[in-house]
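Numbering (mature numbering (1 follows the signal peptide of the UniProt record, and there is no 0)), first residue to last: -24 to -1, 1 to 354. All C-beta atoms, glycine included, are put in the ideal place defined by N, C-alpha and C. Comments concern the structure below.
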């Protein structure tokens, strides 16, 4: 979910995307006329340069699902984030992530009649964690929004890159994606109403007026279907958390990254908490979260409603980055105190820019659960 994008992570991301898809704004015959010198990465990342014509998340407005399921192309950045925990009929555990990102290249109208031209590009992360084997599968696709290769539509809700897609079929969502050694074919059914994060869906990330996003969640989606890992095909069931967020402005320059957690508890409650870190590792004043009760009612959390304490670390053999590897999360006002442990240590994405995102166990004295953790900026 990359839920909030600090500039150093966006720098790597947009560098790769623009290098790939600057060519996607032209026809194949025009591609050899475009040089890397024409790609000004810093201007693309600036929250103000060239962005005056983008829409801004500056005040609450009516949002929800499914009416806001599609893309909001007037904003610079958008993502649809599915993470879930599944088990087969023998109780074997798997985690999965399917995330679609949209990035606008410009807010100016597209000039010319070429079908290759576009202002939007998409990329997707697909991952599966096989807990028993200790294996993490991760794959990436990216493409431009032209010729039907990638895109999003509102009715019926669909977001896709090539044959990786989420589509609404009646009152359900159908996820399909085949990656390197993995295949997902899942059906998701909404069990609880939408959560409008922050202030009626306006989620503030920093002190400046436009350091905010529009953000809603479907906290518990009953999930069933087929998961293929290598040659083995599993019938699976479980729960999924869905986030949809869109914005224009990046975070403040003094943001290093964030730690995001979601959990489905076995008492029927679900929660999400996120702390945004400063360069010295301490959280800033804009931590956020939500707690959803079994009946679907929910409470919005601010930074004073929860604590996240790191209890251990893990160092990536691939990148050398040192990530937190165990935590204690408390929501004192709700009697929640849980140890959080990844189901396997190595769930690091190393495509484009490294970050850690994976399935985790949530263990307490009387309640337990499974969820997902996302760590960026390490």
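Secondary structure of residue i, DSSP reduced to three states
i, result
"residue 280", "helix"
"residue 69", "strand"
"residue 177", "coil"
"residue 325", "strand"
"residue 270", "coil"
"residue 257", "coil"
"residue 309", "helix"
"residue 84", "coil"
"residue 51", "coil"
"residue 211", "strand"
"residue 79", "strand"
"residue 295", "coil"
"residue 36", "coil"
"residue 354", "coil"
"residue 165", "strand"
"residue 64", "strand"
"residue 320", "coil"
"residue 197", "strand"
"residue 343", "coil"
"residue 218", "strand"
"residue 44", "coil"
"residue 6", "For residue 6, the predicted model reports a pLDDT of 35, less than 50, meaning its position is unreliable; a value from the coordinates is still stated below. Residue 6 falls in the helix class under three-state DSSP."
"residue 349", "strand"
"residue 130", "coil"
"residue 264", "strand"
"residue 301", "strand"
"residue 186", "coil"
Span of the beta strand (DSSP E), counted from its first residue to its last, around residue i
i, result
"residue 148", "148 to 155"
"residue 206", "Segment: none, residue 206 is in no beta strand (DSSP E) and carries neither H nor E."
"residue 249", "246 to 253"
"residue 116", "111 to 120"
"residue 106", "96 to 106"
"residue 224", "Element bounds for residue 224: n/a, residue is neither H nor E."
"residue 92", "That residue, residue 92, is in no beta strand (DSSP E); it is neither H nor E in DSSP."
"residue 358", "The chain is shown from -24 up to 354; residue 358 falls before or after that span and cannot be answered."
"residue 28", "Note, residue 28: premise wrong, no beta strand (DSSP E); not H, not E."
"residue 144", "140 to 145"
"residue 235", "233 to 241"
"residue 137", "134 to 137"
"residue 335", "331 to 339"
Nearest candidate by alpha-carbon position, reference residue i, set the options
i, options, result
"residue 189", "54, 283, 335, 139", "54"
"residue 235", "132, 225, 222, 249", "249"
"residue 337", "331, 305, 309, 330", "305"
"residue 111", "69, 43, 147", "69"
"residue 303", "340, 324, 329", "340"
"residue 127", "156, 97, 292, 107", "97"
"residue 183", "228, 174, 172, 209", "228"
"residue 60", "135, 218, 157", "218"
"residue 313", "283, 243, 255", "283"
"residue 360", "165, 242, 199, 330", "Absent from the structure is residue 360, since the part of the chain shown begins at -24 and ends at 354."
"residue 38", "160, 191, 212", "191"
"residue 223", "199, 62, 79, 43", "79"
"residue 260", "49, 230, 276, 154", "230"
"residue 297", "166, 331, 273", "331"
"residue 132", "155, 160, 42, 103", "42"
"residue 199", "73, 49, 329", "73"
"residue 50", "28, 62, 139", "28"
"residue 33", "221, 209, 309", "221"
CB-CB length for residue i against residue j, believed under 8 Å
i, j, result
"residue 299", "residue 351", "5 Å"
"residue 105", "residue 319", "6 Å"
"residue 316", "residue 237", "7 Å"
"residue 142", "residue 151", "5 Å"
"residue 71", "residue 335", "3 Å"
"residue 163", "residue 201", "5 Å"
"residue 101", "residue 123", "Actually they do not touch by this definition, with Cβ atoms about 23 Å apart."
Check whether residue i and residue j have beta carbons under 8 Å apart
i, j, result
"residue 46", "residue 130", "yes"
"residue 311", "residue 240", "no"
"residue 58", "residue 216", "yes"
"residue 232", "residue 253", "yes"
"residue 148", "residue 168", "no"
"residue 95", "residue 82", "yes"
"residue 36", "residue 173", "no"
"residue 137", "residue 204", "no"
"residue 301", "residue 321", "yes"
"residue 171", "residue 274", "yes"
"residue 349", "residue 333", "yes"
"residue 279", "residue 263", "yes"
"residue 307", "residue 271", "no"
"residue 211", "residue 64", "yes"
"residue 343", "residue 294", "no"
Heavy atom of the ligand ATP within 7 Å of residue i beta-carbon
i, result
"residue 179", "Absence of the ligand ATP is noted for the structure shown, with no ligands found whatsoever."
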